[in-house]
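Just below is one structure, and these are the notes that go with it.
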Amino acid sequence: MDKLLTLTLGGLTSGAVYAALGLSLVIIFRATRVVNFAQPALALISAYVAFSVNKATGGYWLGFAAALLTGALLGALTERLIMRRLADRGHLAPVIVTLGLLMVLQAVAGMIWSAEPRSFPYAFDFRGTFSPAAGFAVAVVLVVAAGVLVLFKATPLGLRMRAAAFRPDVAGLLGVRVGLMLTIGWTLAAAVGALAGLLAVPPFIYPTALDSVFVHALAAAVIGGLDNPVGTIAGGFALGVGLSFVSGYVGPELVTMAALAILVAVLVVRPHGLFGHAVARRV
Amino acid sequence: MAEPPLLRVSDVTVRFGGLTALDRVSFTAGHGEVLGVIGPNGAGKTTLFNVVCGFQQAQEGSLRWRGQVLRGHSPHRLAALGITRTLQGLGLFGHCTVLDNVMIGADRHARTGGLAGFFGLRRTAREDRALRERAMAVLADLGIDGHRDALPGALPYGLAKRVALARALVAEPDLLLLDEPAGGLSEQDMEDLGSRVRHLAESMAVVLVEHHMDLVMKVCDRVVVLDFGRVIADGTPAQVQADPAVTEAYLGAVPRA
Numbered sequence: 001m002d003k004l005l006t007l008t009l010g011g012l013t014s015g016a017v018y019a020a021l022g023l024s025l026v027i028i029f030r031a032t033r034v035v036n037f038a039q040p041a042l043a044l045i046s047a048y049v050a051f052s053v054n055k056a057t058g059g060y061w062l063g064f065a066a067a068l069l070t071g072a073l074l075g076a077l078t079e080r081l082i083m084r085r086l087a088d089r090g091h092l093a094p095v096i097v098t099l100g101l102l103m104v105l106q107a108v109a110g111m112i113w114s115a116e117p118r119s120f121p122y123a124f125d126f127r128g129t130f131s132p133a134a135g136f137a138v139a140v141v142l143v144v145a146a147g148v149l150v151l152f153k154a155t156p157l158g159l160r161m162r163a164a165a166f167r168p169d170v171a172g173l174l175g176v177r178v179g180l181m182l183t184i185g186w187t188l189a190a191a192v193g194a195l196a197g198l199l200a201v202p203p204f205i206y207p208t209a210l211d212s213v214f215v216h217a218l219a220a221a222v223i224g225g226l227d228n229p230v231g232t233i234a235g236g237f238a239l240g241v242g243l244s245f246v247s248g249y250v251g252p253e254l255v256t257m258a259a260l261a262i263l264v265a266v267l268v269v270r271p272h273g274l275f276g277h278a279v280a281r282r283v
Numbered sequence: 001m002a003e004p005p006l007l008r009v010s011d012v013t014v015r016f017g018g019l020t021a022l023d024r025v026s027f028t029a030g031h032g033e034v035l036g037v038i039g040p041n042g043a044g045k046t047t048l049f050n051v052v053c054g055f056q057q058a059q060e061g062s063l064r065w066r067g068q069v070l071r072g073h074s075p076h077r078l079a080a081l082g083i084t085r086t087l088q089g090l091g092l093f094g095h096c097t098v099l100d101n102v103m104i105g106a107d108r109h110a111r112t113g114g115l116a117g118f119f120g121l122r123r124t125a126r127e128d129r130a131l132r133e134r135a136m137a138v139l140a141d142l143g144i145d146g147h148r149d150a151l152p153g154a155l156p157y158g159l160a161k162r163v164a165l166a167r168a169l170v171a172e173p174d175l176l177l178l179d180e181p182a183g184g185l186s187e188q189d190m191e192d193l194g195s196r197v198r199h200l201a202e203s204m205a206v207v208l209v210e211h212h213m214d215l216v217m218k219v220c221d222r223v224v225v226l227d228f229g230r231v232i233a234d235g236t237p238a239q240v241q242a243d244p245a246v247t248e249a250y251l252g253a254v255p256r257a
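Chains as they are written, first to last, in UniProt numbering: chain F, 1 to 283; chain S, 1 to 257.
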């Protein structure tokens with residue numbers, strides 16, 4: 001019984017990270033129908049900035065804020081400078097470009113901060129079954145997720161963002177600044193991604209630290225439906241707990257395989273996610 | 001000096017490769033006027049609307065809005081100028097409720113920009129309330145306020161058309177462009193539309209592209225007839241109906257006895 005509780009709580013903590021990173025993927029996918037494979041790299045650079053600020057000032061929260069700002073800025077720049085040029089280049093170009101960006105940014109991170117693992121602090125004490133650090137991770141992700149949902153569902157800005165995503169031509173005709181809405185979407189998404197990075201990286205940061213987290217976050221987003229924020233958050237927590245059980249009851253070496261198996265199973269049975277709705281695509 | 005007309009289209013020419021879609025088209029639309037644009041299929045009516053909306057740039061000619069030439073005209077500036085358009089079909093946001101659809105159209109009056117709306121939550125709440133109230137008023141005016149929470153796809157076509165109209169009206173435009181507003185409507189709905197358009201013309205200019213001749217002849221003050229991209233007639237409905245060039249365009253050449 002104790003083990004079950006420990007595994008569940010541990011799963012919720014890592015699930016919070018999957019949910020946050022998954023949410024950042026969903027925000028961009030809803031707006032542009034692009035899966036942003038560069039997301040872990042944007043989050044990685046943000047976390048490295050936090051690491052540097054941390055070292056220079058010794059304060060955790062200053063680094064935390066710097067990382068969120070860096071993430072937001074990187075997101076906005078990525079959209080303005082790169083993605084906007086690909087708008088009419090078909091479905092494949094953005095995928096290839098974001099993958100390329102992932103590799104470039106990881107290499108750049110290695111060049112600046114070296115490939116050696118560096119120690120990265122937790123926000124709070126991380127000891128115990130459900131430590132303050134774990135509680136913080138779950139709470140902050142839930143608050144951010146709720147904030148994003150309220151923004152989308154209940155504010156004029158969110159309405160304009162949804163309109164710009166579904167019918168950019170019509171939205172533009174109605175006075176919505178479609179380009180600005182895309183930039184805001186990428187900014188918001190990359191800031192949420194940076195938050196996920198800050199929660200996922202400790203205790204060590206290195207250029208590929210977020211790779212496996214990203215695979216799990218992508219699985220969470222696919223489970224939840226790539227255009228469904230609520231589903232993705234639920235999917236993130238469910239996947240975290242599920243993988244924690246696999247690790248605890250079956251064996252930690254099977255975690256990645258289990259994640260991929262779940263991903264494949266969901267794609268076979270419900271290609272639009274457990275909570276997503278099927279989209280008819282015109283050919 | 002007389003006040004310039006709201007919209008003046010002068011010698012607008014649009015070519016797609018070798019095809020001339022619009023050939024030196026000129027007309028004006030003024031406040032309080034309903035202008036009909038008719039013509040056989042392929043005459044260039046929709047291209048003309050697209051030029052006025054900025055979807056399509058004219059190779060030659062100019063658009064004047066309140067006497068000012070519109071340069072680098074693009075669709076997203078249309079609402080700010082005070083021009084709104086309905087689309088052929090519906091063009092509604094299927095995932096958003098009727099009220100949300102109309103609130104997007106109210107954007108012209110939103111004072112806070114993107115970032116201010118992002119951070120200033122309190123101000124956004126007030127803005128949100130004002131938008132909502134105006135959207136509800138327009139819905140009530142068109143008799144569809146009972147469907148505010150429905151998704152557009154769940155409504156009968158006639159009602160969905162009214163939602164699209166409400167979305168164009170909520171921005172309180174000075175010029176309303178209606179692209180085939182009567183397409184797919186029942187007789188009764190078309191009656192209502194006719195009297196509504198007349199009523200709207202008291203406070204704005206209306207330009208109407210439409211295939212239903214009886215509706216056009218009934219509600220328009222003036223009619224512009226296009227054929228193969230040229231204006232072949234411009235006058236009152238009675239003048240246009242009596243014009244042999246119009247009959248010829250619609251029915252083919254009349255053999256001369």
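Idealized CB from N, CA, C, for every residue including glycine.
Item	Value
Close beta carbons around Phe37 (chain F), own chain, < 6 Å, minus the five adjacent residues each side	Thr98, Leu99, Leu102
Reduced DSSP secondary structure (H/G/I, E/B, other) of Ala29 (chain S)	strand
When S:Leu251, S:Val231, S:Val102 are compared against Pro152 (chain S), the one with the closest alpha-carbon	S:Val102
Chain F contacts made by the region 79-97 of chain S, where a contact means CB separation under 9 Å	Ala79, Ala80, Thr84, Arg85, Leu87, Gly91, Leu92, Phe93, Gly94, His95, Cys96
Own chain partners of Pro132 (chain F) with C-beta closer than 7 Å, once the 5 adjacent residues on each side are dropped	Phe124, Asp125
Limits of the beta strand (DSSP E) - the one that Gly235 (chain S) falls within	230-235
In DSSP terms, what Asp227 (chain S) is bridged to	S:Arg230
Opening and closing residue of the alpha helix (DSSP H) in which Asp2 (chain F) lies	2-32
Option in S:Gln59, S:Ala140, S:Arg66 with minimal Cα separation from Glu3 (chain S)	S:Arg66
Contact list for Leu173 (chain F) against chain S, beta-carbon separation under 7 Å	Cys53, Pro75, Leu78, Arg85
CB of Ala164 (chain S) within 8 Å of CB of Thr86 (chain S), strictly	yes
Of the residues F:Leu25, F:Val150, F:Val49, the one placed nearest Leu62 (chain F), counting alpha carbons only	F:Val49
Closer than 8 Å to chain F by CB, Met103 (chain S)	yes
Contact under 8 Å by Cβ, residue 339 (chain S) with Gly32 (chain S)	Missing from the structure shown is residue 339 (chain S); chain S here goes from 1 to 257 and no further.
Reduced DSSP secondary structure (H/G/I, E/B, other) of Arg8 (chain S)	strand
Residues that residue 344 (chain F) contacts on chain S, provided the C-beta gap is smaller than 8 Å	Residue 344 (chain F) cannot be examined here, being either before or after the span of chain F that is shown, 1 to 283.
Secondary structure of Gln68 (chain S), DSSP reduced to three states	strand
Residues, ordered as in the chain, of the region 137-164 of chain F that lie near chain S by beta-carbon distance below 7 Å	Thr155, Pro156, Leu157, Leu159, Arg160, Arg162, Ala163
Short Cβ contact (8 Å threshold) for Val264 (chain F) with Leu254 (chain F)	no
Test: Asp128 (chain S) CB closer than 8 Å to a CB of chain F	yes
Reduced DSSP secondary structure (H/G/I, E/B, other) of Ile144 (chain S)	coil
Proximity winner among S:Glu172, S:Gly194, S:Leu176, S:Asp174, relative to Ala182 (chain S) (alpha-carbon distances)	S:Gly194
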